[in-house]
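**Student:** Mind the numbering: the sequence shown is residues 22 to 172 in the numbering used here, read in order.
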Amino acid sequence: MMNRRNFLGLSVGVAAAAMIPASLSATNFRATKPKAWTAHNINDAMTEIFGTSNTTVSKKIKLKAPDIAENGAVIPVTISTKMNAKTMAIFQDANPESAVAVFTVPANGIPEYSIRIKMAKTGTVTAVADVDGKLYSASKVVKVTIGGCGG
């Protein structure tokens, strides 16, 4: 026999599950744009993902990364914008493959993502946001050191 407390708890759980969208969708860019992940420069990777590499440098795109990374294996990077971005991506030019991550921003989502990336040597990290079909970008040079010495 079910007591009232269990019944109410079950009812709240069912109601919460009913409010979840029937399908949350995100594009699997590794499957749909495989050439982007083997591109050896940022422009080629960007063109594979967005169809163009023409971007407008904008202060509305925030890219947070350290000036100097003592360990190139774990470099914290955060990208964000207050614009209504549909897709955001991170690229770098220090490794053979330039594409790092691509994010599909859900409708009414908060376009802010933080990850840790690997860089073999000093290079430029570039963040790109697709806002209504126009690409906006921000870049930053990250100096990778090995054991405290310049790299």
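Quick reminder that beta carbons are idealized off the backbone N, C-alpha and C, glycines included.
Enumerate in chain order the residues of its own chain whose CB-to-CB distance from Met-67 is below 7 angstroms, with the five nearest sequence positions on each side excluded.
**Tutor:** For this step, residue 67 is matched to residue 46 along the sequence shown. Contacts found: Ser-74, Phe-112, Val-149.
**Student:** Just reading off the beta strand (DSSP E) that Asp-151 is part of, what are its end residues?
**Tutor:** For the purposes of this step, residue 151 is taken as the residue at position 130 of the sequence shown. Unbroken beta strand (DSSP E) run through Asp-151: 144–152.
**Student:** Using the Cβ count rule (16 or more neighbours within 10 Å means buried), how would you classify Val-162?
**Tutor:** Locating residue 162 in the sequence shown gives position 141, where the first residue counts as 1. Val-162 comes out exposed.
**Student:** Consult DSSP for Ala-94 and reduce its assignment to one of helix, strand or coil.
**Tutor:** The residue you call residue 94 lines up with position 73 of the sequence shown. Looking at Ala-94 - three-state DSSP - the assignment turns out to be coil, as it is neither helix nor strand.
**Student:** Is it the case that the Cβ atoms of Lys-164 and Asp-88 are separated by a distance below 8 angstroms?
**Tutor:** Walking along the sequence shown from the start, residue 164 turns up at place 143. Walking along the sequence shown from the start, residue 88 turns up at place 67. In this structure, Asp-88 lies closer than 8 angstroms to Lys-164 by Cβ.
**Student:** Ser-160 and Thr-147 look like a contact to me (Cβ under 8 angstroms); what is the Cβ gap, rounded to whole Å?
**Tutor:** For the purposes of this step, residue 160 is taken as the residue at position 139 of the sequence shown. For the purposes of this step, residue 147 is taken as the residue at position 126 of the sequence shown. With a Cβ gap of about 4 angstroms, Ser-160 and Thr-147 count as contacting.
**Student:** Identify whether Thr-48 lies in helix, strand or coil by the three-state DSSP scheme.
**Tutor:** Walking along the sequence shown from the start, residue 48 turns up at place 27. Here Thr-48 sits in coil by DSSP.
**Student:** Return the first residue and the last residue of the beta strand (DSSP E) that Thr-125 is part of.
**Tutor:** Locating residue 125 in the sequence shown gives position 104, counting from the first residue. Segment 120–125, the beta strand (DSSP E) holding Thr-125.
**Student:** Since Thr-48 contacts Thr-125 with CB under 8 angstroms, what's their CB separation in whole angstroms?
**Tutor:** On the sequence shown, residue 48 is found 27 positions in, with the first residue counted as 1. On the sequence shown, residue 125 is found 104 positions in, with the first residue counted as 1. That belief holds up - the Cβ atoms of Thr-48 and Thr-125 are roughly 5 angstroms apart, short of 8 angstroms.
**Student:** How about His-61 and Glu-118: are their beta carbons less than 8 angstroms apart?
**Tutor:** Numbered from its first residue, the sequence shown carries residue 61 at position 40. Numbered from its first residue, the sequence shown carries residue 118 at position 97. In contact: His-61 and Glu-118 (Cβ atoms closer than 8 angstroms).
**Student:** Taking the C-alpha atoms as reference points, what is the distance between Ile-131 and Ala-57?
**Tutor:** Your numbering for residue 131 matches position 110 in the sequence shown. Your numbering for residue 57 matches position 36 in the sequence shown. If you take the alpha carbons of Ile-131 and Ala-57, they lie about 25 angstroms apart.
**Student:** Using only the heavy atoms of the ligand GTP, determine whether one of them is closer than 7 angstroms to the beta carbon of Ala-120.
**Tutor:** Annotation note on the ligand GTP: not contained in the displayed structure, which lists no ligands.
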